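**Student:** Under the working numbering, the first residue of the sequence shown is numbered 184, with each subsequent residue one higher.
Where is the CB? At the ideal position from N, CA and C, for every residue including glycine.
Since we're looking at a predicted model, the values are computed, not measured.
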Amino acid sequence: DEIGMEGGKDPFNRGSFPWYEIDGDILSFFRKLGDMRKHKSYVFGDAEFVPVSAADGVICYERKKSNEFNQSFSVVVLVNRGDDAVNYTLPPHMTDVSDVFSSEGTVLDSGIVRIPPRGFVILENVPVIKKEYRPGAKI
184 DEIGMEGGKD PFNRGSFPWY EIDGDILSFF RKLGDMRKHK SYVFGDAEFV
234 PVSAADGVIC YERKKSNEFN QSFSVVVLVN RGDDAVNYTL PPHMTDVSDV
284 FSSEGTVLDS GIVRIPPRGF VILENVPVIK KEYRPGAKI
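#1: Would you list the residues sitting across from N263 in a DSSP beta bridge?
#2: Helix, strand or coil: which one does DSSP assign to F200?
#3: Smallest Cα separation from I305: which of L216, I209 and V259?
#4: Going straight from the alpha carbon of T289 to that of I209, what length do you get?
#5: Going by DSSP in three states, R301 sits in which element: helix, strand or coil?
#6: Mind checking which residues open and close the beta strand (DSSP E) that includes D282?
#7: Which residue comes first and which comes last in the beta strand (DSSP E) that contains N330?
#8: Beta-carbon within less than 6 Å of V235's beta-carbon, same chain only, minus the 5 sequence neighbours each way: which residues are those?
#9: Between which residues of its own chain and P300 is the CB-CB distance below 8 Å, once the five residues before and five after are set aside?
Right under this line is the structure:
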């Protein structure tokens with residue numbers, strides 16, 4: 184769980200909370216996930232879930248949503264279940280991504296992401312905002 188407690192069978196699953204045995208690394212990890220969900224609520228709240236791929240121990244999915252200006256925002260999640268690092272080629276529409284949270288994953292050139300063994304990468308696909316030129320408009 185969020186602090187590294189083991190479950191166990193009855194009666195061990197009913198023990199008191201171990202206030203002095205909290206795994207700080209695990210707690211920090213879940214806090215960071217919670218903060219990310221809070222600050223990226225525009226894609227984690229009611230955004231569309233889009234499975235991208237699941238092969239060779241790597242799963243990839245996208246949460247995406249468009250706003251009233253027809254800009255598409257998305258977060259891409261990649262998880263490597265394998266014991267070896269994987270270079271994953273992103274789909275063509277995921278061209279302008281930035282690393283939001285990862286277990287030492289790396290975004291390489293040409294739309295390739297390096298995912299560590301038993302690791303993950305969460306990327307934000309940044310929309311390109313284009314201003315429309317109108318003759319006579321103030322710049």
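**Tutor:** So, from the listed chains and residues:
#1: For the purposes of this step, residue 263 is identified with residue 80 of the sequence shown, where counting begins at 1. In the DSSP output, where bridge partners are listed per residue, N263 has V241.
#2: Taking the sequence shown and counting its residues from 1, the one referred to as residue 200 is at position 17. F200 falls in the coil class under three-state DSSP.
#3: Taking the sequence shown and counting its residues from 1, the one referred to as residue 305 is at position 122. Closest by alpha carbon: V259.
#4: By one-based count along the sequence shown, residue 289 stands at place 106. By one-based count along the sequence shown, residue 209 stands at place 26. Each residue's alpha carbon lies about 22 Å from the other.
#5: Position 118 of the sequence shown, counted from the start, is the residue given in the question as residue 301. R301 falls in the coil class under three-state DSSP.
#6: Taking the first residue of the sequence shown as 1, we reach residue 282 at position 99. Where D282 is concerned, the enclosing beta strand (DSSP E) stretches over V280 to S285.
#7: Since the first residue shown for the chain is 184 and the last is 322, residue 330 is missing from the structure and cannot be characterised.
#8: Against the sequence shown, residue 235 aligns to sequence position 52. Excluding residues within five positions, the ones whose Cβ falls inside 6 Å are C243, Y244 and E245.
#9: Taking the sequence shown and counting its residues from 1, one reaches residue 300 at position 117. Excluding residues within five positions, the ones whose Cβ falls inside 8 Å are N263, G265, D266, D267 and A268.
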